[in-house]
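In our numbering, the protein residues as written are 1173 to 1379.
Below, the structure is given as structure tokens:
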């Protein structure tokens, strides 16, 4: 193989390996896909080994060993993330959307009016998104809450929650719920472990 061709092949393999590592770190694919992709890359290196490293067997073995270790570690990390998310929430994104059908969706330009409304009225503000496992976990609770209360829903997957709102509402993580009574807002609750009783207590404490 000519020198220029070797450079192109080396470059291609490096790009593929970096793409694989990036995909694993960002959890783009599941455990099975990561294993399959990693084995394909190892196979590619094996096929080109005789041409690429005919006189550097030790280096070839070391490179293969390191890459195999990356495949195994990356796949295990991906698997652990999947297990963690499954433990957090068995609610699918489709279930999540169904659970929020009784809520009133608001856009970014409507959030300010809802947060700072000084007129008489009682309602909850819920901030979350279908991509968040904790938001999905809380969605059945929001479904129950919305049966008897007005709930405004701000979807952070569709709109950006500005830093000014994060700071004023004290949103530390998703999901987030607060209650507004006659223009007065309670201290909000963060996280997916919030119970229906806790949300109802927000209203009782405010009145």
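Even glycine gets a Cβ: it sits at the ideal position worked out from N, Cα and C.
For residue i, which three-state DSSP category applies?
i	result
residue 1362	strand
residue 1323	strand
residue 1294	strand
residue 1349	strand
residue 1357	strand
residue 1285	helix
residue 1318	helix
residue 1375	helix
residue 1303	coil
Is residue i a contact residue of the ligand SAH, with contact defined as CB to any heavy atom under 6 angstroms?
i	result
residue 1328	In the structure shown, the ligand SAH is absent, as is every other ligand, since no ligand is present at all.
Would you report the Cα separation of residue i and residue j, rounded to the nearest angstrom?
i	j	result
residue 1263	residue 1272	12 angstroms
residue 1368	residue 1333	24 angstroms
residue 1303	residue 1265	7 angstroms
residue 1245	residue 1186	18 angstroms
residue 1280	residue 1289	15 angstroms
residue 1339	residue 1371	21 angstroms
residue 1305	residue 1322	24 angstroms
residue 1270	residue 1335	29 angstroms
residue 1341	residue 1331	16 angstroms
Spatial neighbours of residue i within its chain, please: C-beta separation below 6 angstroms, excluding the five flanking residues on both sides.
i	result
residue 1318	1274 and 1275
residue 1357	1350
residue 1301	1307, 1327, 1328 and 1329
residue 1377	none
residue 1374	1351 and 1358
residue 1315	1271
residue 1299	1326 and 1348
Quick one: residues in its chain with C-beta nearer than 8 angstroms to the C-beta of residue i, no 5 flanking neighbours on either side, listed in chain order?
i	result
residue 1366	1310, 1313, 1347 and 1349
Inspect the beta-carbon positions of residue i and residue j and report whether they are closer than 7 angstroms.
i	j	result
residue 1295	residue 1352	yes
residue 1362	residue 1344	yes
Only counting the same chain, and skipping five residues up and downstream in sequence, which positions put a Cβ closer than 7 angstroms to that of residue i?
i	result
residue 1286	1278, 1297 and 1324
residue 1283	1326 and 1337
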